[in-house]
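The structure appears below as structure tokens.
Numbering (the working numbering), first residue to last: 84 to 576.
Shown next as structure tokens:
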């Protein structure tokens with residue numbers, strides 16, 4: 084069995100007093116590893132010293148960049164180089180001897196089958212930071228505290244001493260990391276953990292720098308804290324942003340999208356857009372619980388179901404282990420988000436809910452969340468007719484339909500009017516809701532005209548009055564029995 088190809092990566096900026104000794108110690112390690120330096124145009128001659136060593140030692144190579152472009156972006160260069168050249172393992176460390184080269188064999192020893200990342204941790208032992216200034220100690224521990232609280236990562240996410248198993252980590256995961264400075268370290272580990280990477284830590288000791296000054300400034304720390312907060316919010320609002328996407332099975336570019344859904348599903352860059360996303364995220368958590376509850380009651384295990392108008396699918400994640408979900412939406416942008424949020428979906432494709440690309444009787448069930456209110460009465464009947472067509476006999480339809488007196492409708496309406504009073508213009512958070520549901524009788528009328536009978540109707544405190552939940556059954560004639568679920572109690576009609 085051949086030994087894995089290993090690359091040691093070190094970023095440098097003004098490290099001329101350290102790199103000669105560092106090269107000597109790295110070359111002396113009992114490791115068959117090659118060494119890559121990325122220098123950001125150091126004005127102190129670091130690049131020239133590294134070039135001299137590279138000429139003398141073929142295991143050393145140097146990439147020069149023009150100017151100080153950020154330690155995070157330097158790591159991205161090293162990671163890309165390792166993937167491009169076919170290395171199996173990548174070890175990263177700092178150039179200032181805060182990471183001891185003697186710890187590298189320990190990193191390799193900790194890398195066993197099933198481990199994707201090995202992290203050298205400053206927080207496993209109490210005396211691991213000798214000689215550090217009070218300011219640097221505070222900034223480091225504060226960053227670790229925020230990482231644990233906001234991102235729920237117990238690891239040393241701020242350190243650069245790591246080993247990556249490049250076969251266990253898909254390359255595209257690093258493409259989800261956007262930070263170019265010190266924030267790269269916790270964002271990259273967060274992305275890896277969110278995608279199931281298995282992390283092991285080993286204790287290390289980090290003394291103060293041997294030469295030169297620490298490049299971690301208060302400004303860097305504040306920038307990292309802001310990034311931590313933004314990652315926390317983004318993980319609440321758009322968790323798929325950090326997840327590896329599965330392929331979309333079929334796109335249909337010829338489908339026109341006229342209601343503004345692509346724009347709606349595009350990431351919000353304004354304060355108002357972010358506020359709406361936070362509110363919507365809170366409501367989705369309620370909807371997710373209700374969806375799981377009603378899906379378990381309505382659809383048999385392993386049923387083939389259609390999510391028509393799937394959107395980003397943040398509420399679907401609990402369904403895929405039990406149901407075979409085909410998700411469709413007219414918005415390509417929505418589908419890209421759905422693919423990130425739901426990598427276990429059976430099928431994802433672009434489709435028009437007025438003209439579904441499936442044979443009659445394909446699905447055991449159809450569900451639809453917060454879509455019908457955007458269409459008029461005639462269009463709703465057409466949509467329900469398509470759902471009826473693709474359902475098997477006695478197949479179930481589950482619809483989440485905002486009520487005129489729903490809490491989300493009233494709250495967002497009040498926010499919109501308040502903003503309008505202050506700014507003079509009411510914002511538009513989403514395409515118009517022209518058909519909010521008014522009553523159980525209204526739902527029954529829509530369903531009856533489309534070949535369904537109402538089986539359950541729920542609008543109450545259990546979901547904080549967010550949406551009506553309607554469960555119907557496909558029929559050929561109107562049966563007489565239906566059930567109504569009102570204010571947390573089920574009643575027979």
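Glycine included, C-beta positions come from ideal geometry on N, C-alpha and C. A quick note: this is a predicted structure, and the numbers were derived from the prediction, not measured.
Among the options, which residue has its Cα nearest to the Cα of residue i?
| i | options | result |
| --- | --- | --- |
| residue 140 | 168, 109 and 125 | 109 |
| residue 268 | 258, 280 and 240 | 240 |
| residue 165 | 153, 88, 230 and 106 | 88 |
| residue 414 | 454, 442, 445 and 429 | 454 |
| residue 153 | 222, 307, 522 and 338 | 307 |
| residue 532 | 462, 507, 215 and 382 | 462 |
| residue 103 | 85, 92, 137 and 116 | 137 |
| residue 146 | 475, 158, 135 and 122 | 122 |
| residue 118 | 337, 151, 128 and 95 | 95 |
| residue 171 | 194, 189 and 181 | 194 |
| residue 236 | 537, 277 and 435 | 277 |
| residue 249 | 285, 173, 470 and 242 | 173 |
| residue 492 | 537, 287, 521 and 468 | 521 |
| residue 528 | 508, 364 and 553 | 553 |
| residue 244 | 251, 185, 253 and 252 | 185 |
| residue 93 | 115, 133, 114 and 85 | 133 |
| residue 100 | 120, 271 and 180 | 180 |
| residue 385 | 405, 371, 537 and 498 | 405 |
| residue 400 | 215, 270 and 372 | 372 |
| residue 445 | 264, 487 and 387 | 387 |
| residue 420 | 503, 322 and 509 | 322 |
| residue 125 | 143, 135 and 150 | 150 |
Tell me the rounded alpha-carbon separation between residue i and residue j.
| i | j | result |
| --- | --- | --- |
| residue 515 | residue 489 | 16 Å |
| residue 302 | residue 426 | 38 Å |
| residue 440 | residue 90 | 50 Å |
| residue 273 | residue 304 | 18 Å |
| residue 539 | residue 255 | 44 Å |
| residue 380 | residue 331 | 29 Å |
| residue 402 | residue 375 | 7 Å |
| residue 573 | residue 548 | Its pLDDT being 41, under 50, residue 573 is placed unreliably by the model, and the measurement read from it follows with that caveat. Rounded to the nearest angstrom, the two C-alpha atoms are 16 Å apart. |
| residue 295 | residue 175 | In this prediction, residue 295 scores a pLDDT of 46, lower than 50, which makes its location untrustworthy; no coordinate-derived value is stated. |
| residue 557 | residue 391 | 16 Å |
| residue 225 | residue 233 | 12 Å |
| residue 483 | residue 324 | 25 Å |
| residue 275 | residue 246 | 13 Å |
| residue 319 | residue 367 | 10 Å |
| residue 160 | residue 127 | 22 Å |
| residue 478 | residue 559 | 11 Å |
| residue 476 | residue 437 | 20 Å |
| residue 257 | residue 393 | 27 Å |
| residue 498 | residue 505 | 11 Å |
| residue 377 | residue 389 | 15 Å |
| residue 284 | residue 198 | 10 Å |
| residue 231 | residue 317 | 16 Å |
How about residue i and residue j: are their beta carbons less than 8 Å apart?
| i | j | result |
| --- | --- | --- |
| residue 202 | residue 280 | no |
| residue 211 | residue 112 | no |
| residue 546 | residue 398 | no |
| residue 459 | residue 517 | yes |
| residue 408 | residue 395 | no |
| residue 422 | residue 364 | no |
| residue 206 | residue 227 | yes |
| residue 105 | residue 157 | no |
| residue 209 | residue 286 | no |
| residue 447 | residue 382 | yes |
| residue 433 | residue 333 | yes |
| residue 187 | residue 114 | yes |
| residue 311 | residue 229 | yes |
| residue 424 | residue 326 | yes |
Using the beta-carbon count (16 or more within 10 Å), is residue i buried or exposed?
| i | result |
| --- | --- |
| residue 473 | buried |
| residue 550 | buried |
| residue 131 | exposed |
| residue 168 | exposed |
| residue 544 | exposed |
| residue 163 | exposed |
| residue 443 | exposed |
| residue 470 | buried |
| residue 220 | exposed |
| residue 262 | buried |
| residue 293 | Reliability of the predicted coordinates at residue 293 is poor, the pLDDT of 46 falling under 50, and the value obtained from them is presented with this limitation in mind. Exposed. |
| residue 485 | buried |
| residue 338 | exposed |
| residue 260 | buried |
| residue 86 | exposed |
Inset, instruction - For the segment 529-561, list the beta strand (DSSP E) runs that are entirely contained and at least 3 residues long, ordered along the chain. - result: 535-542 and 551-557
Inset, instruction - Tell me the start and end of each unbroken beta strand (DSSP E) in the segment 171-237 that is at least 3 residues and wholly inside, in chain order. - result: 172-175 and 200-204
Inset, instruction - Quick one: which unbroken alpha helix (DSSP H) runs of 4-plus residues sit fully inside the segment 377-441? Chain order, please. - result: 415-424
Legend entry - Continuous beta strand (DSSP E) assignments of at least 3 residues falling wholly in the segment 233-285: 245-248
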